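Numbering-wise (the numbering used here), the sequence shown opens with residue 51 and increments by one. Glycine included, each C-beta is placed from N, C-alpha and C at the ideal position. Predicted model, so just to flag it, every value in this text is computed and none were measured.
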Amino acid sequence: MVSTIGILGAGRVGSAIARTALKAGYAVTIAGSGPAADIQLIVDIVTPGAVAMSAADAVASADLVVLAVPMHKFRSVDPATLAGKIVIDTMNYWQPIDGELHEFSADARSSSEVVGAHFAGARLVKTLNHIGYHDLETDARPAGAADRHALAIAGDATAAAVVAEVINRFGFDPVYAGPLEAGAAFEPGSPIFGGRHTAAELTAELGLEAAAAA
Ligand SMILES: NC(=O)c1ccc[n+]([C@@H]2O[C@H](COP(=O)([O-])OP(=O)(O)OC[C@H]3O[C@@H](n4cnc5c(N)ncnc54)[C@H](OP(=O)(O)O)[C@@H]3O)[C@@H](O)[C@H]2O)c1
């Protein structure tokens, strides 16, 4: 069971996830690229209740890790620290911000498969990438609300089930898309990316209706 979420990245996405996680009752550790002191003030103001740490400490104390660093920085995260951890990959390859990254532009796979190869010892799960950071808190709804939106999840089924419970507590219906490669369906440029969907709509967009009916 997840009780502490460690967030790598104290920027827009990491901060919104931190506040959402705190509201959902999780303990939160959060890190930027440097020592805890570098983000202490901003964490106190922007994500009160979260504990600023170094990246290594934030990960070590967490049951679940969230990668919320710019894609062009993912290789600066030490893979050894993530070994054995369930890790949510929120990252998108976004050329205006990341520049031209050949390893993504020349690779037809989901970006999470490329990232996952780097973090080979981690149990990578792709989600939280297709909702804008500014919508995460405003769109969250209690389970059963008619206007609750859904978020897609891709990764190995066991790790994804753990993440699905977190997404539910965050205020969204989790929809399991399949293994990591299925995450290509909700990356930038897809109809799902940036849209708002109910669980039924997202299931249909992912082409899972036939599988569910079978
Ligand atoms: N914009 C959206 O609505 C949205 C939605 C979903 C997902 N995403 C994805 O979320 C990711 C983060 O985007 P953002 O807009 O939050 O970026 P951002 O505001 O630029 O923040 C990035 C954060 O990552 C930190 N960081 C960099 N390298 C790190 C490392 N090795 N360990 C720990 N922290 C590190 C930075 O710390 P320093 O300042 O110390 O470098 C900074 O706190 C991107 O991959 C983006 O594609 C964006």
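According to DSSP, residues forming a beta bridge with residue i
i	result
R173	I136
A167	In the DSSP output, where bridge partners are listed per residue, A167 has none listed.
G56	T79, V115
I203	Y226
P98	A100
CB contact flag (residue i, residue j, <8 angstroms)
i	j	result
L252	K176	no
H247	H199	yes
A118	T97	no
L186	A66	yes
M121	L151	yes
S160	N142	no
R219	A74	yes
D139	V165	yes
Nearest to residue i (by Cα), restricted to the options the options
i	options	result
P85	G56, P238, A105, R69	A105
N179	A108, V116, K123	V116
V78	W144, G56, I92	G56
A172	A235, S240, V137, L151	V137
A250	G233, E237, F222	F222
I181	K73, G64, E153	G64
V101	H122, A71, F124	A71
F124	F154, G134, G245, G75	F154
A207	L174, A133, N218, D189	L174
S83	A108, G166, Y76	A108
G134	A110, Q145, D189	A110
D189	G244, G257, A170, V212	G244
M51	G99, V93, A87, A112	A112
A170	L132, G99, Y183, I217	L132
Cβ separation of residue i and residue j, assumed to be a contact under 8 angstroms, to the nearest whole Å
i	j	result
A214	Y226	7 angstroms
A232	A204	4 angstroms
M259	P241	Strictly speaking, residue 259 in this sequence is Glu, with Met absent from that position. Incorrect: roughly 15 angstroms between the Cβ atoms, too far for contact.
A81	L114	That pair is no contact at about 14 angstroms.
W144	P224	At roughly 24 angstroms, the Cβ-Cβ gap does not stay under 8 angstroms, so W144 and P224 are not in contact.
Outcome for residue i when other beta-carbon atoms lying within 10 angstroms are tallied against a minimum of 16
i	result
G194	exposed
L91	exposed
I95	exposed
S126	exposed
I147	exposed
S53	exposed
A130	exposed
G228	buried
A209	buried
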